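Here the structure comes first, spelled out in structure tokens, and everything after it is commentary.
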Amino acid sequence: MSLITLETRLLTRSRGLIALWIGFALLLAYALATGLATQARWQQAVDAQRAATEETYATELARIASAAPDASGLPAGAPPARQRMDATLPPAPGLLIALGDTGARPVIASVRYATRADTLFKNVEVGNGVTRALGALDFTFWLVVLMPLLVIAFTHDVVAGERDAQRLHLVQAQAGALRGVVLRRLIVRLAPGLVLVVLGFASAIVLGLPASLAACAALIAALYLLGWGAVCAWVSHRAATAQAAAAWLLVGWLLVVIVIPAATALAVQTLAPVPSRSEQVLAVRQVQLALQPRATELLGQYLTDHPELAKGGSAGFAQKNFVMQRETEARLAPVFAQFEQAQLKQERAAAMLQWLSPAALTQRALVRLAGTDSIRYRAYLTQVNAFSEGWRTTLREPVFAGRNLTADELKALPRFRFVEP
Amino acid sequence: MSTITLIARKELRESLRDGRARAALIALLLLLGVTLAIGLQQTAARQAEVTTSSAADRAIWDGQGLVNPHSAAHFGQYAFKPAGALAAFDPGLEPYLGTSLWIEAHDQNFATHRPADDRFGLAPIDGLNAAFVLQVLAPLLLIFLGHGLVAGERERQTLRQVLASGVSPQKWLIGKWLALAAIAGLIWLAAFAVLLIGAHSVDALQRALWLAGTYALYLAIVCALVIVVSTHAAQTRSALLLLLCGWALLLLVAPRVASQAAEWAAPSPEPAAYQRAISKAKGSYINAHDPNDARAVKLLAETLVKYGVSKKEDLPVSFEGIVLDADEEAGHVVFAEMDAKRQRIEATQREVLRTLSLVTPLLPLQAASTAFAGTDNEQHRHFSQATETYRRDLQKRMNDAMRDFGKGQDFDYLAQPALWKSVPIYTYNPPKLQVTRSTWVDMLILTAWAFAAAVLLRRSAKHLQQEARA
């Protein structure tokens, strides 16, 4: 009987290990269900918002179609200043396996003619802090935090167990060099974990995870678990007893998975803090306060710079508001740029420190692959701001002309479509 | 010296003789010290920021110059939320709840700028703070130190000798528990000595005492469960495996499963859907900014009758101020309804979490801990409600000014700066500690856990007695 067959039989006879494996399989199913539910909820929110917007436009078009011409005999129309369009971020392609920042960042922006980069979202803090604070059990948590425990349980005694039973020399004599023995035993003992990972990714593909993304993520997951397997074998070889090996491995797990990543996150926040949000709020308000009495003057300046817009309507609220918001945005640009720079600095510090813990590294890699990190979100914000700029360009002429949009113009208003980076 | 004390002293001495145990204990105490120091520094910085920002925002409000009252109402003010009383120890929900709230016309906004939104997801388990050290890491240390207390005796085959010597198994186990509890007590003391000594008010002292009591109960439960498992395990190895599985399951997995279960049972409102619902609800009430709104037209007719005139221009007041006030009043009804719905969802989620508290003691502990630290949902709601009360008063003042002085000018009327200064300064006083019914329930569940642990400990003693007879 080969060593691999013997080892497999021994493993399948251990009720404790089988129960543990089943427990992990159930947790995997739960983690995938969490991903699936989050994905469905996100998609539902996006679809509902798009449907609501289209319904609003359909109602407006119906109103225009049935309304009588205005006092000057022109056909009825829609006020350009009141038009708004949503810019939604679709669910991340790998949401199923990594929730990442989901829940922390709003995914439905509302764009109007006067929207600034800092007013794309409002009142998005609706959710319950309790559930967010408790966290979620997603596939990444299952893999990064819990799976090493399964690997430790299966492999901590790969050598030390034989030493405990005083069979090490016997095994070596029967099965050959120690390295070969350890390698074969390790393959068998890592197999249950790897099978679960493969099962997880296969299920995720069936549930809609792109195969290429799953392949990359599976490679990262396999490397992570193999790394833990190698460490377990080394510690098991060095430790006096299997119990000592288990203790050392668990201390290592605690440091690598919990303490070091949490401590580095704390260090990043403390050493490279982002500027105060309160100061940002005050900066916005000081700019608004300074500009408030200058609305008419600013509008005059703007019309001098854009004489093609001066021919039309009166200097009403919409025109003043347009100019004021553009001026506010221009003045605040350095404040927000400073904030973004600080965030990038913090992100760079985090990227450097992630190498201190393979768990943090694996988590970041999976979250990046899944598209639930800041990179995809930043791309979304860039695209929304570009869309917002286009929206303003479209509506600027009717706003300054003081005229309503015709039904054809209303139908032709641009729609936002997110392009994956 | 009693038998129990003798056993406890012996076990404690033996546990601390091990260099690895000492190193682990010192590492944990250091971690606790560092997290407390960072927490205290962050809380102090937050308090200072709230004070300066509030003063600066008030100066901005006062410095508005000649502005229409409704423009001022839209410009509004900002309310900055101070840190919870003992946020340095347990930040609780604070990272996940907004810190600044815009007080403006027509809208009851949510507090924005949640600290967690500006953080990077570097850690699989986020939020290293003093409470986390006591809630999650201290039990792990107690498992490492205590898993072999009884199973080790069995493994070394000294258990029968000890029991044959005539010592009561119950006293023997209590002695073992006391030894482990003494180590837990050391960690507990380190955490709460800082809080109790640093308590700057009676309220902070009361909160620290409640926290100390709650954590003492929790650590006592953990110690008891460790001894129970060690008593029933055939070997130290199996005791360690079982306890670690239990630790991971109860303290890492269960809270996450519970969180998701609560969201499945009662999904938190989705922001865009919530805003659509508000807009829809507001659509059934008066709209101050739509002169063709039927309810505004009706209000005008009623106002004309009230003042005994036939035309809007003949009114002795500005009708815009009246209609804006009616709009605000309608908003109060809508926001109250929506808030009530949201609170019902949160209550259902809380019930689900409470039911699952029977599975893990961490859930009732966290609920009680955040309540005592002043970092839970209730504290946040208190801040939101206090700010809303202020907002309503502010809007009323602005609309009244428009009504009384804006005749004939309406939105072109510019109020004098004295109006801004006449508005009371926004001051928020966080509530003093009140142990609510909800917190009592959490404490009761935790006490039930303690009772169950004590019963299991007693049964373990009987189990040992039977083992000795066999």
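Chains as they are written, first to last, in the numbering used here: chain A, 603 to 1023; chain B, 9 to 478.
Just so you know, even glycine gets a beta-carbon here, dropped at the ideal spot from N, CA and C.
These numbers come from a predicted model, not from an experiment.
- Considered as a whole, the stretch 81 to 145 of chain B harbours 85 to 88 and 108 to 111 as its complete beta strand (DSSP E) runs of no fewer than 3 residues, in chain order.
- DSSP places residue 311(B) inside the alpha helix (DSSP H), whose first and last residues are 302 to 315.
- When 7 Å is used as the limit between beta carbons, residue 267(B) is near these residues of chain A: 733, 736, 737 and 738, in chain order.
- With a cutoff of 9 Å on beta-carbon distance, residue 377(B) and residue 100(B) are scored as near each other.
- Secondary structure of residue 711(A) (DSSP, three-state): strand.
- In the assembly as shown, residue 437(B) is an exposed residue. Its beta-carbon has fewer than 16 other beta-carbons within 10 Å.
- At a Cβ-Cβ threshold of 9 Å, residue 827(A) and residue 773(A) do not count as neighbours.
- With its beta carbon at least 9 Å from every one in chain B, residue 681(A) lies outside the interface.
- Annotation for residue 700(A): no alpha helix (DSSP H) segment contains it, and DSSP assigns it neither H nor E.
- Under the Cβ criterion of 9 Å, residue 928(A) is not counted among the residues facing chain B.
- Taking every protein chain shown into account, the CB of residue 432(B) has fewer than 16 other CB atoms within 10 angstroms, so this residue is exposed.
- Chain-ordered listing is empty here: chain A has no CB closer than 9 Å to the CB of residue 193(B), the nearest sitting near 22 Å.
- Taking one beta carbon from each stretch, the stretch 341 to 353 of chain B and the stretch 286 to 306 of chain B have 3 or more pairs nearer than 8 Å; the two touch.
- Three or more beta-carbon pairs separated by less than 8 Å link the stretch 863 to 873 of chain A to the stretch 954 to 962 of chain A, which places the two stretches in contact.
- Partner residues in the beta bridge of residue 688(A), as assigned by DSSP, are 712(A).
- The beta-carbon of residue 878(A) is placed less than 9 Å from the nearest beta-carbon of chain B.
- A Cβ-Cβ contact shorter than 9 Å links residue 739(A) with residue 632(A).
- The three-state reading of DSSP puts residue 75(B) in strand, counting E and B together.
- Counting only Cβ-Cβ distances below 8 Å, residue 55(B) has no contacts in chain A at all, with the closest Cβ about 12 Å away.
- Apart from sequence neighbours up to five positions away, the residues of its chain that approach residue 450(B) with a beta-carbon distance below 6 Å are 372, 375 and 376, ordered along the chain.
- The stretch 56 to 68 of chain B makes no contact with the stretch 10 to 18 of chain B; the number of CB pairs closer than 8 Å stays below 3.
- In the DSSP assignment, residue 704(A) is bridged to 707(A).
- In the three-state DSSP reduction, residue 203(B) falls in the helix class (H, G or I).
- Using a C-beta cut-off of 8 Å, the stretch 261 to 272 of chain B makes contact with the stretch 723 to 741 of chain A, since at least three inter-stretch Cβ pairs fall below that distance.
- Around residue 244(B), the beta-carbon contacts reaching into chain A at under 7 Å are 845.
- Annotation for residue 433(B): no alpha helix (DSSP H) segment contains it, and DSSP assigns it neither H nor E.
- For residue 1000(A), the enclosing alpha helix (DSSP H) stretches over residues 976 to 1003.
- Contact note: residue 728(A) reaches chain B through 118, 276, 277, 278, 279, 282 and 350, using a C-beta cutoff of 8 Å and chain order.
- Against chain B, a Cβ distance below 9 Å from residue 750(A) picks out nothing, because the smallest value is about 11 Å.
- In this structure, DSSP gives residue 874(A) a state outside helix and strand, which the three-state scheme calls coil.
- Under DSSP, the beta-bridge partners assigned to residue 1007(A) are 680(A).
- Residue burial is scored here from C-beta neighbours: residue 954(A) has fewer than 16 other C-beta atoms within 10 angstroms and is therefore classed as exposed.
- The Cβ atoms of residue 346(B) and residue 113(B) lie no closer than 9 Å to each other.
- Exposed is the label assigned to residue 319(B), since fewer than 16 other Cβ atoms lie within 10 Å of its Cβ.
- In this model, residue 459(B) and residue 887(A) are separated by some 56 Å (Cα to Cα).
- Take the alpha-carbon of residue 368(B) and the one of residue 117(B): they are about 36 Å apart.
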